[in-house]
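Accompanying notes for the structure given below.
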Amino acid sequence: MIYLDISELLLIAEKINGTAHCVRDWGLLQSAAERPKASVFGVDAYPTLLEKAAALIHSIARNHALIDGNKRTAWIAADIMLVMNQGSGLGIDPERQEEFMNLIAEGKLEVPEIAACLKQWL
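Reminder that position 110 of the sequence shown reads as 110 in the UniProt record's numbering, one-by-one numbering, no gaps.
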């Protein structure tokens with residue numbers, strides 16, 4: 001499994017925001033990078049690639065580690081993670097993507113629901 005690390009998340013955020021000064025909370029950004037790898041007693045907390053991508057989206061979009069661009073960074077990071085691991089990314093129109101990311105940022109979708117949606121858009 002290929003995961004994005006904090007430096008890769010930072011590169012994505014910098015491109016989106018147009019500045020290297022985009023992090024509000026380094027700890028939250030590190031936590032978002034590590035969440036897809038989480039395990040409990042040796043068992044993956046997020047066993048499938050889609051659940052791992054969903055956990056990444058959820059952490060970035062909900063925790064607001066960045067000054068701006070949290071939802072866009074979350075979407076692009078998950079898309080890149082999916083491409084790196086299975087060779088294909090997410091296909092969804094921009095309006096639907098924005099609605100989806102707003103629901104996540106507002107706390108209306110959790111990891112299982114996010115993963116189910118991602119599955120539809122592969």
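No residue lacks a Cβ here, since even glycine has one placed at the ideal position from N, Cα and C.
If you draw a straight line from the C-alpha of I2 to the C-alpha of M81, how long is it? The straight-line gap from Cα to Cα measures roughly 7 Å.
Taking 7 Å as the cut-off, decide whether the C-beta atoms of G69 and N102 are in contact. No, they are not a contact pair.
Contact check, A45 vs A54, beta carbons under 7 Å: No, these two residues do not count as a Cβ contact at 7 Å.
Where the alpha helix (DSSP H) containing P47 begins and where it ends: Going by DSSP, P47 is part of no alpha helix (DSSP H) at all; its letter is neither H nor E.
Please classify L29: does DSSP put it in a helix, a strand, or coil? The answer is helix: DSSP assigns L29 an H, G or I state.
What three-state label does DSSP hand S39 in the structure shown? Three-state DSSP puts S39 in a strand.
Under the three-state DSSP convention, the category L56 falls into: Correct three-state label for L56: helix.
Can you give me the Cβ contacts of K52 inside the same chain, cut-off strictly under 6 Å, excluding the 5 residues immediately before and after it? P36 and Y46.
Going by beta carbon distance, what residues of the same chain come within less than 7 Å of R24, once the five residues before and after it are set aside? Beyond the five residues adjoining it in sequence on each side, R24 comes within less than 7 Å, by CB distance, of H64, A65, L66 and I67 in the same chain, given in chain order.
Do A32 and S59 have their C-beta atoms closer together than 7 Å? With contacts defined as CB atoms closer than 7 Å, A32 and S59 qualify as a contacting pair.
According to DSSP, simplified to helix, strand and coil, what is L66? It is a strand residue.
Could you say which of Q120, V111 and W121 lies nearest to I57 if we only look at CA atoms? Of the candidates Q120, V111 and W121, the one whose C-alpha sits nearest the C-alpha of I57 is V111.
Same chain only: Cβ atoms within 7 Å of T19, ignoring 5 sequence neighbours per side: Within the same chain, T19 has no close Cβ partners at all.
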